[in-house]
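To start, the structure itself, in structure tokens.
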Amino acid sequence: MVWWHVFLSFGVAGAFYVLWLALQRLWLSPIAHFPGPKLAALTMWYEFYYGSFLEGQYTFRIAEMHRKYGPIVRISPYELHIDDAEYYETLYSRDAPRDKSLHLTGMFGAPASAFGTVDHRRHRIRRQPMNPFFSQQRIRQLEPMLRDMVDKLCDGLRAWKDRHTPLHIRGRGIHHGTLISLS
Numbered sequence: 125m126v127w128w129h130v131f132l133s134f135g136v137a138g139a140f141y142v143l144w145l146a147l148q149r150l151w152l153s154p155i156a157h158f159p160g161p162k163l164a165a166l167t168m169w170y171e172f173y174y175g176s177f178l179e180g181q182y183t184f185r186i187a188e189m190h191r192k193y194g195p196i197v198r199i200s201p202y203e204l205h206i207d208d209a210e211y212y213e214t215l216y217s218r219d220a221p222r223d224k225s226l227h228l229t230g231m232f233g234a235p236a237s238a239f240g241t242v243d244h245r246r247h248r249i250r251r252q253p254m255n256p257f258f259s260q261q262r263i264r265q266l267e268p269m270l271r272d273m274v275d276k277l278c279d280g281l282r283a284w285k286d287r288h289t290p291l292h293i294r295g296r297g298i299h300h301g302t303l304i305s306l307s
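Spelled out as structure tokens, the structure:
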């Protein structure tokens, strides 16, 4: 067998795979009918480009998409972004079970934790012992401390605003439960 046959076979198989992927993502996907850039519907590289090469501009790009396409926008092959406050209760209703996306749960590095649980019912079982800590009463008790921390953050950002230089915040922020100063 000639080597170029092997390379040609892989090339043809790769081309068919790419075509099938495009067909599936653009027309056969359950979210294919939602508006948004076709390139974003095709690949996750769209988000990577705006997030990495354009240094975190993806959030602003999503806002542009909403101005162009409306309140519900397809931002990736698997995701929709919704900019409609009235939809909040529908989406985050306690009575509507929803499984988490597998690629989002791995970001915490603890797949057996409540945060890393994909299955909705299992998540509720793991979350149940922590529920008292997230009650409205407990959150209200923390509000003064949180307000002080947010005020400190806002003061630091206002002071930085006049410098007209980028603010590099890697390695800063919440660390061991405390907010690290910006200065």
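The numbering used here numbers the first residue of the sequence shown as 125 and each following residue consecutively. Ideal Cβ positions, reconstructed from N, Cα and C, are used throughout, including at glycine. Please read all numbers here as calculations on a predicted model, not as lab measurements.
In three-state terms, what does DSSP make of histidine 205? Histidine 205: strand per DSSP, three-state reduction.
How far does the alpha helix (DSSP H) with leucine 191 in it reach, from first residue to last? This sequence places arginine at residue 191; leucine is not what is there. Going by DSSP, arginine 191 is part of the alpha helix (DSSP H) stretching over 182 to 193.
Own chain partners of histidine 205 with C-beta closer than 7 angstroms, once the 5 adjacent residues on each side are dropped: Closer than 7 angstroms at the Cβ level, and outside the excluded window around histidine 205, lie Ile186, Val197 and Ile199.
Could you check where the alpha helix (DSSP H) with isoleucine 199 kicks off and where it finishes? No alpha helix (DSSP H) contains isoleucine 199, which DSSP labels as neither H nor E.
Count the other CB atoms within 10 Å of the CB of histidine 310; is the residue buried (16 or more) or exposed (fewer)? Here the chain comprises residues numbered 125 to 307, so residue 310 is not present and cannot be evaluated.
Euclidean distance between Cα positions of proline 290 and tryptophan 284: C-alpha separation (whole angstroms): 9 angstroms.
Could you work out which residue in Gln265, Leu270 and Thr167 is closest to glutamine 148 when comparing CA atoms only? For glutamine 148, the nearest C-alpha among the options comes from Thr167.
Local Cβ density within 10 Å of tyrosine 170, reported as buried at 16 or more and exposed below that: Burial is judged here by how many other beta carbons sit within 10 angstroms of a residue's own beta carbon; tyrosine 170 has at least 16 and is buried.
Have a look at tryptophan 127 and leucine 152 and give me their C-alpha separation to the nearest angstrom. Going by the C-alpha atoms only, they are around 36 angstroms apart.
Alanine 164: buried (16+ other C-beta within 10 angstroms of its C-beta) or exposed? Its Cβ being crowded by 16 or more others within 10 Å, alanine 164 is buried.
Quick check: what's the CA-CA separation for methionine 254 versus glutamine 265? Each residue's alpha carbon lies about 16 angstroms from the other.
Is methionine 269 buried or exposed, if buried means 16 or more other CB atoms sit within 10 Å of its CB? Result: exposed.
I'd like to check one pair, aspartate 208 with proline 195: are the Cβ atoms closer than 7 angstroms? With respect to aspartate 208, proline 195 sits close: the two C-beta atoms are nearer than 7 angstroms.
What is the residue span of the alpha helix (DSSP H) that proline 268 lies within? Looking at the DSSP string, the run of the alpha helix (DSSP H) that includes proline 268 is 260 to 285.
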